[in-house]
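Enquirer: Same order as they appear, the protein sequences are chains A and B. Take the first sequence: its letter number 104 is residue 104 in the UniProt record's numbering, and every next letter is one higher. Take the second sequence: its letter number 83 is residue 83 in the UniProt record's numbering, and every next letter is one higher. Just passing along the structure, written as structure tokens.
2 protein chains.
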Amino acid sequence: MNREDPGFEANHNHDHCMESALSTAKDLCRERKQRLTPIRELVLKLIWENHQPMGAYELLPALAAAGFNSAPPTIYRALEFLQEQGLVHRIASLNAFIGCPHPESPHRSGFLICSGCQRAVELDTAPVHRALSESASELGFKIAHETVEVVGLCADCQSQPGETADA
Amino acid sequence: MNREDPGFEANHNHDHCMESALSTAKDLCRERKQRLTPIRELVLKLIWENHQPMGAYELLPALAAAGFNSAPPTIYRALEFLQEQGLVHRIASLNAFIGCPHPESPHRSGFLICSGCQRAVELDTAPVHRALSESASELGFKIAHETVEVVGLCADCQSQPGETADA
DNA sequence: AATCGCCATGTTATACTATAACAAACCGAA
DNA sequence: TTCGGTTTGTTATAGTATAACATGGCGATT
Ligand SMILES: [Zn+2]
Ligand SMILES: [Zn+2]
Ligand SMILES: [Zn+2]
Ligand SMILES: [Zn+2]
Numbered sequence: 001m002n003r004e005d006p007g008f009e010a011n012h013n014h015d016h017c018m019e020s021a022l023s024t025a026k027d028l029c030r031e032r033k034q035r036l037t038p039i040r041e042l043v044l045k046l047i048w049e050n051h052q053p054m055g056a057y058e059l060l061p062a063l064a065a066a067g068f069n070s071a072p073p074t075i076y077r078a079l080e081f082l083q084e085q086g087l088v089h090r091i092a093s094l095n096a097f098i099g100c101p102h103p104e105s106p107h108r109s110g111f112l113i114c115s116g117c118q119r120a121v122e123l124d125t126a127p128v129h130r131a132l133s134e135s136a137s138e139l140g141f142k143i144a145h146e147t148v149e150v151v152g153l154c155a156d157c158q159s160q161p162g163e164t165a166d167a
Numbered sequence: 001m002n003r004e005d006p007g008f009e010a011n012h013n014h015d016h017c018m019e020s021a022l023s024t025a026k027d028l029c030r031e032r033k034q035r036l037t038p039i040r041e042l043v044l045k046l047i048w049e050n051h052q053p054m055g056a057y058e059l060l061p062a063l064a065a066a067g068f069n070s071a072p073p074t075i076y077r078a079l080e081f082l083q084e085q086g087l088v089h090r091i092a093s094l095n096a097f098i099g100c101p102h103p104e105s106p107h108r109s110g111f112l113i114c115s116g117c118q119r120a121v122e123l124d125t126a127p128v129h130r131a132l133s134e135s136a137s138e139l140g141f142k143i144a145h146e147t148v149e150v151v152g153l154c155a156d157c158q159s160q161p162g163e164t165a166d167a
């Protein structure tokens with residue numbers, strides 16, 4: 001546990017990062033008496049391998065290649081399970097799914113999404129949540145769920161020529 | 001201009017609210033030399049009439065009823081125009097569109113969405129933006145666009161029996 | 001070990017959301 | 001009036017997600 005979130009750093013140890021996420025997932029599912037079946041584990045692995053938001057249909061070919069059925073319900077069921085366990089999050093503005101770097105406890109999620117390199121990192125949403133809570137409570141609104149997805153350019157991509165900060 | 005944003009108040013003057021939005025839209029388009037054609041105006045009217053986020057395909061029948069072609073491109077083109085002019089916003093987490101209460105100038109948008117009555121109100125996102133900017137700048141991330149969509153229960157719906165704050 | 005029931009997966013079909021591509025009509029400026 | 005760009009019509013298709021029911025595997029209980 002307590003893995004590092006590599007953020008937008010391109011040169012972190014990908015393999016370690018992924019293995020660590022999978023191992024944490026196994027531990028958590030065992031603790032919770034949930035079944036991390038081969039399909040579910042494979043989907044989680046694929047998401048971490050790519051290390052960027054992945055569309056459901058992008059994942060299907062790899063499922064087929066691994067010998068599983070690859071009709072849409074297969075992948076959506078796996079994604080549903082992984083989301084319920086907090087192992088992946090859905091990014092609504094991209095129709096895509098990404099691994100959660102700290103699935104041990106449920107939490108509000110928010111993302112910075114780089115339009116240059118397509119990577120996304122999970123934000124600490126506490127400050128955003130405080131701001132939202134304040135606005136909401138003025139209206140007597142009771143928050144149940146927050147979607148916070150910010151598109152822009154990461155530090156690396158800002159220094160690449162040709163990248164502009166358009167969404 | 002300077003219309004009131006009725007927020008979650010159920011008993012505001014709907015007709016006035018809608019007429020005002022349409023009249024503002026006409027003014028803005030004239031100023032900008034953009035053409036608020038009958039289809040575009042009708043789509044905007046339908047969105048304001050319902051006064052809640054509307055899916056593209058929910059709007060199509062009314063287009064057909066008004067004698068227009070009602071194939072999907074018709075509605076998406078109108079919505080694209082209205083978004084470009086800032087007259088409507090898209091809510092990604094709902095795949096839906098809603099009228100903007102202050103389209104005079106471009107702005108970041110954010111929404112509180114009531115899961116009880118399906119209404120949505122546009123937030124003042126300045127405080128949220130400050131919080132996001134701070135988090136982003138720590139990572140050297142340059143923000144281009146923010147999606148902020150908060151689901152919960154409005155004050156009215158909290159007092160209705162049977163409503164819970166689940167998203 | 002056998003049984004039972006639940007959960008997971010397979011399979012087919014379909015709903016829902018959005019865009020591509022090209023033709024025809026319209027509209028406004030020169 | 002003519003021209004050229006914009007808007008709309010039309011057909012087709014891409015992309016995202018779920019319904020519904022059958023089948024199979026796994027694990028708890030006996
Ligand atoms: Zn997370
Ligand atoms: Zn980047
Ligand atoms: Zn707005
Ligand atoms: Zn409400």
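Yeah, the Cβ is synthetic: ideal placement off N, Cα and C, and Gly gets one too.
List the residues of chain A whose Cβ lies closer than 9 Å to the Cβ of Phe141 of chain B, in chain order.
Expert: By Cβ distance, chain A contributes Phe8, Leu112, Cys114, Val121, Val150, Gly152, Leu153, Cys154, Ala155 and Gln158.
Enquirer: Please report the straight-line C-alpha distance between Met1 of chain A and Gln160 of chain A, rounded to a whole angstrom.
Expert: Confidence at Met1 of chain A is low in this model, with a pLDDT of 42, below 50, so its placement is unreliable and no value can be given for it.
Enquirer: Taking the DSSP output, what are the residues bridged to Thr147 of chain A?
Expert: B:Glu149, per the DSSP bridge assignment.
Enquirer: In whole angstroms, what separates the C-alpha of Thr24 of chain B from that of Gly7 of chain B?
Expert: 18 Å
Enquirer: Less than 7 Å between the CB of Cys17 of chain B and some heavy atom of ligand 2, yes or no?
Expert: no
Enquirer: Return the CA-CA distance between Arg119 of chain B and Asn50 of chain B, expressed in angstroms with no decimal places.
Expert: Spanning the two alpha carbons is a distance of roughly 9 Å.
Enquirer: Return the CA-CA distance between Arg3 of chain B and Cys17 of chain B, expressed in angstroms with no decimal places.
Expert: Unreliable placement is indicated for Arg3 of chain B, whose pLDDT of 48 sits below 50; the coordinate value is still reported in the next sentence. Whole-angstrom Cα-Cα distance: 8 Å.
Enquirer: Using 8 Å for Cβ pairs, my map puts Leu42 of chain B next to Leu63 of chain B. What's the rounded Cβ distance?
Expert: 7 Å
Enquirer: Look at the alpha carbon of Ala56 of chain A and the alpha carbon of Gly152 of chain B, and state the distance between them as a whole number of angstroms.
Expert: 27 Å
Enquirer: Quick check on the DSSP output: the alpha helix (DSSP H) that includes Leu42 of chain A runs from which residue to which?
Expert: Pro38 to Asn50
Enquirer: Along chain B, in chain order, which residues have C-beta atoms closer than 7 Å to that of Val88 of chain A?
Expert: The premise fails here: Val88 of chain A is roughly 16 Å from chain B at the closest Cβ pair, so nothing lies under 7 Å.
Enquirer: Can you tell me whether Ser137 of chain A sits near ligand 1, meaning its C-beta is under 7 Å from at least one heavy atom of the ligand?
Expert: no
Enquirer: Let me check understanding here. Comparing Cα to Cα, which of B:Leu46, B:Ser115, B:Gly140 and B:Ala71 lies closest to Val88 of chain B?
Expert: B:Leu46
Enquirer: Quick one: grab the DSSP three-state call for Leu139 of chain B.
Expert: coil
Enquirer: Quick one: Cα of residue 168 of chain A to Cα of Phe111 of chain A, how far?
Expert: Because chain A spans 1 through 167 in this model, residue 168 of chain A falls outside it and cannot be assessed.
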